[in-house]
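Novice: Residue numbers (this note's numbering): 91 to 533.
Got a structure here, written out as structure tokens. Questions coming.
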Ligand SMILES: Cc1cc2nc3c(=O)[nH]c(=O)nc-3n(C[C@H](O)[C@H](O)[C@H](O)COP(=O)(O)O)c2cc1C
Ligand code: SF4
């Protein structure tokens, strides 16, 4: 299957980043249509589309929108956009913000109207300066044209949209930590349902809040324009994944970049879109961002892009970031670097993650330095079990999955490294890699 450009149809066109260019391709027609609809009818279209959140968990979008109280008794209802995009390998939201900012504004305003929200925030990763600038300019144009602010398009609906730049913390992408950060608190997660109310009841500043990913909101204008039933025809070959999904493809490929595909596309086709493997044969793939389980080349041939389908090869769609690794990759070193990331990003609030990520890193480090001990694999696996499902937020799970999967899928690489004190991948290319000690010194 080839690329299916829906969100990305005009992303190559600089005019699309201006209001005139966006409106020239039908931009804001969906908002006009939505403003003339019953609020519930909008939510019903989103339901019919089968849209699921593109931030990682794949939660049905309509359930969140529908969960906001129908009568507005709180002073504010909020629409939050998660543009933190911290998962290593993922860079799709950055491109959407830079090249299709009006799509996001339109999608968030539609969500705002459907949920009686009056304020929206886009929480952008601090390093994404170009993305923030592109969105700033688009928001300014939208205000000047009466598409944001008071009495939008004469409908009586008021909606303000603000940008908030984060400081580049991965944990601030976790929705409750994002809200803490936005409220001026430390970027740490909060207690969740069923131990606390859902964000739709008490989210930002304890008021009803919808939080979705950039890509999720960008789908809304298409759903409103063409209908939920039309959108649901995309990906109909899968069990329960509808529409398109943008994948950030990186690693050993000839043409890294973002590719938009219809759900149901074979993972192998995504690799071909990225120009195929570079520098040797394919060895492995991390299909959905650094936290999802690694799979073998044989599983790449079987994998179909879909939330349930990817589970058949024991992995996930995740945030949509496929890293393809060639035969010269040392899986142990690769996982060591992944473990380093999660240990550094752990916020320290809960013991399993604060201690567990550090212990995993210490063990991984002694292995890659040639000092691995018999029993280290069992020890690592045991720590992953103490993290997975036992941490306060999803970062603990995200830290455990890559290590557990690598031990399951490539045990011989760990065994060899521990026994011989060096990687079993001894090729000219891998010998040219920076020595482990130097990499540690750079941390
Ligand atoms: C540690 C951690 C980091 C996360 N980072 C992001 C992120 O950068 N962007 C994002 O959209 N979701 C991220 N999520 C998922 C969010 O918590 C949330 O589920 C998502 O923003 C909901 O939007 P969606 O339903 O449209 O996917 C992260 C989750 C965890 C546990
Ligand atoms: S799992 Fe615990 S320590 Fe890790 S980021 Fe979440 S709250 Fe913080």
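Glycine is no exception: its CB is placed at the ideal position from the N, C-alpha and C atoms.
The structure displayed is predicted, hence computed values, not measured ones.
Do the segment 331-350 and the segment 96-107 touch if we need at least three Cβ pairs shorter than 8 Å?
Specialist: Yes, they touch.
Novice: Could you tell me which residues DSSP puts in a beta bridge with residue 347?
Specialist: In DSSP, residue 347 forms a bridge with 339.
Novice: Figure out for me which residue from 126, 297, 183 has the closest Cα to the Cα of residue 146.
Specialist: Here the closest residue by C-alpha is 183.
Novice: Determine the direct distance from the alpha carbon of residue 276 to that of residue 359, and round the result to whole angstroms.
Specialist: Near 42 Å, if we compare the C-alpha coordinates of residue 276 and residue 359.
Novice: How about residue 386 and residue 499: do their beta carbons lie closer than 8 Å?
Specialist: Closer than 8 Å, so yes.
Novice: Just grab the DSSP bridge partners of residue 249 for me.
Specialist: According to DSSP, residue 249 bridges with 239.
Novice: Tell me whether residue 104 is buried or exposed, calling it buried when 16 or more other Cβ atoms sit within 10 Å of its Cβ.
Specialist: With fewer than 16 other Cβ atoms within 10 Å, it is exposed.
Novice: Give me the residue from 261, 154, 296 with the minimum Cα distance to residue 273.
Specialist: For residue 273, the nearest C-alpha among the options comes from 296.
Novice: Please report the Cβ distance between residue 330 and residue 397, rounded to the nearest whole angstrom; I am assuming they are in contact, meaning their Cβ atoms lie under 8 Å.
Specialist: Indeed, because the Cβ distance is near 6 Å, the residues count as touching under 8 Å.
Novice: For residue 258, I'd like the list of residues in its chain whose CB is within less than 8 Å of its CB, leaving aside the five on either flank, ordered along the chain.
Specialist: These residues qualify, in order along the chain: 176, 215, 216, 217.
Novice: Could you check whether the segment 441-453 touches the segment 476-483, counting it as contact only if at least three pairs of C-beta atoms, one from each stretch, sit closer than 8 Å?
Specialist: In short, these stretches touch, since the Cβ pair count reaches three.
Novice: Return the chain-ordered list of same chain residues with a C-beta closer than 7 Å to the C-beta of residue 92, the five sequence neighbours on each side being excluded.
Specialist: There are no such residues.
Novice: Following a CB-centred definition, is residue 465 positioned closer than 7 Å to any heavy atom of ligand 1?
Specialist: Result no, Cβ not under 7 Å from ligand 1.
Novice: Just tell me which of 412, 392, 112 has its CA closest to the CA of residue 380.
Specialist: Among 412, 392, 112, the Cα nearest to that of residue 380 belongs to 412.
Novice: Following a CB-centred definition, is residue 598 positioned closer than 7 Å to any heavy atom of ligand 1?
Specialist: Missing from the structure shown is residue 598; the chain here goes from 91 to 533 and no further.
Novice: Taking the straight line between their C-alpha atoms, what separation do you get for residue 515 and residue 424?
Specialist: Straight-line Cα distance between these residues: approximately 12 Å.
Novice: At a cut-off of 7 Å, would you count residue 90 as near ligand 2, judging by its Cβ distance to the nearest heavy atom?
Specialist: Not covered by the structure: residue 90. The range shown for the chain is 91 to 533.
Novice: Below 8 Å between beta carbons: does that hold for residue 138 and residue 200?
Specialist: Result no, Cβ atoms of residue 138 and residue 200 do not sit closer than 8 Å.
Novice: What residues match up with residue 375 in a beta bridge as DSSP calls it?
Specialist: Residue 375 pairs with 385, 414.
Novice: Check whether the Cβ atoms of residue 342 and residue 376 sit closer than 8 Å, and answer yes or no.
Specialist: Not closer than 8 Å, so no.
Novice: Please determine, among 513, 115, 361, 389, the residue with the shortest C-alpha to C-alpha distance to residue 457.
Specialist: That would be 513, whose Cα lies nearest to the Cα of residue 457.
Novice: Short check: CB of residue 195 to CB of residue 238, under 8 Å?
Specialist: Yes; because the gap between Cβ atoms is below 8 Å, this pair is in contact.
Novice: Mind checking residue 337: buried by the 16 CB within 10 Å criterion, or exposed?
Specialist: Buried, because 16 or more other Cβ atoms sit within 10 Å of the Cβ of residue 337.
Novice: Counting along the chain, where does the beta strand (DSSP E) carrying residue 171 start and finish?
Specialist: Per DSSP, residue 171 belongs to the beta strand (DSSP E) from 168-173.
Novice: Is the distance from the Cβ of residue 303 to the Cβ of residue 143 below 8 Å?
Specialist: Yes, Cβ-Cβ distance for residue 303 and residue 143 is below 8 Å.
Novice: Out of 326, 310, 486, 442, point me to the one whose CA is closest to residue 122's CA.
Specialist: Comparing Cα positions, the closest option is 310.
Novice: With distances taken from each beta carbon to the nearest heavy atom of ligand 2, which residues come in below 6 Å, in chain order?
Specialist: After applying the 6 Å Cβ criterion, the set is 261, 279, 436, 437, 438, 439, 440, 443, 444, 481, 482, 483, 485, 486.
Novice: From residue 269 to residue 279, what distance separates their C-alpha atoms?
Specialist: Between residue 269 and residue 279, the C-alpha separation is close to 8 Å.
Novice: Hey, would you say the C-beta of residue 348 is under 7 Å away from at least one heavy atom of ligand 1?
Specialist: No, ligand 1 has no heavy atom inside 7 Å of this Cβ.
Novice: Grab the span of the beta strand (DSSP E) containing residue 210 for me, first residue to last.
Specialist: Taken as a continuous stretch (DSSP letters only), the beta strand (DSSP E) holding residue 210 covers 209-214.
Novice: Quick one: is residue 155 buried, meaning 16 or more other Cβ sit within 10 Å of its Cβ, or exposed?
Specialist: Classification for residue 155: buried.
Novice: Between 410, 416, 382, which has its C-alpha nearest residue 371's C-alpha?
Specialist: Of 410, 416, 382, the residue nearest in Cα terms is 416.
Novice: Mapping DSSP to helix, strand and coil, what is residue 142?
Specialist: Strand.
Novice: Helix or strand or just coil, what does DSSP make of residue 473?
Specialist: Three-state result, residue 473: helix.
Novice: Suppose the cutoff is 6 Å on Cβ atoms and the five residues either side in sequence are ignored; what does the same chain contact list for residue 251 look like?
Specialist: Within the same chain, residue 251 has close Cβ partners 210, 229, 238.
Novice: Taking 7 Å as the line, does the beta carbon of residue 107 fall inside it for any heavy atom of ligand 4?
Specialist: This structure does not include ligand 4; its bound ligands are ligand 1 and ligand 2.
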